[in-house]
Amino acid sequence: RRRAIQRGHDLLDSLEGLRADLLAGRVSGERLQRILSLVRRQSGSGDPKLDEVIADIELRAQVELAKLGRFPS
Numbered sequence: 053r054r055r056a057i058q059r060g061h062d063l064l065d066s067l068e069g070l071r072a073d074l075l076a077g078r079v080s081g082e083r084l085q086r087i088l089s090l091v092r093r094q095s096g097s098g099d100p101k102l103d104e105v106i107a108d109i110e111l112r113a114q115v116e117l118a119k120l121g122r123f124p125s
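Residue numbers (the working numbering): 53 to 125.
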């Protein structure tokens, strides 16, 4: 549960950083790789409600990566 919460926070922080990069007009490849790595590292917490929230965050990250051509179908 604690790891899932931390992963959710890490994803949100990375998405916030991506937003800042986009506003600045430059996207860090390192940031995109970090987001992709976090999305691929899926694991359940045992708490269905927490897992649902994490899944929503992962979906948002996948959409952002796909927009930038970085998420394979």
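Glycine included, C-beta positions come from ideal geometry on N, C-alpha and C.
- Excluding the 5 residues flanking it on each side, residue 91 has same chain C-beta neighbours closer than 8 Å at 63, 110, 113, 114, 117, 123, in chain order.
- Contact between residue 83 and residue 69 is confirmed by a C-beta separation of about 5 Å, below the 8 Å threshold.
- Taking all protein chains shown into account, residue 66 has 16 or more neighbouring C-beta atoms within 10 Å of its C-beta and is therefore buried.
- Cβ contact annotation for residue 105 (same chain, cutoff 8 Å, sequence separation greater than five): 60, in chain order.
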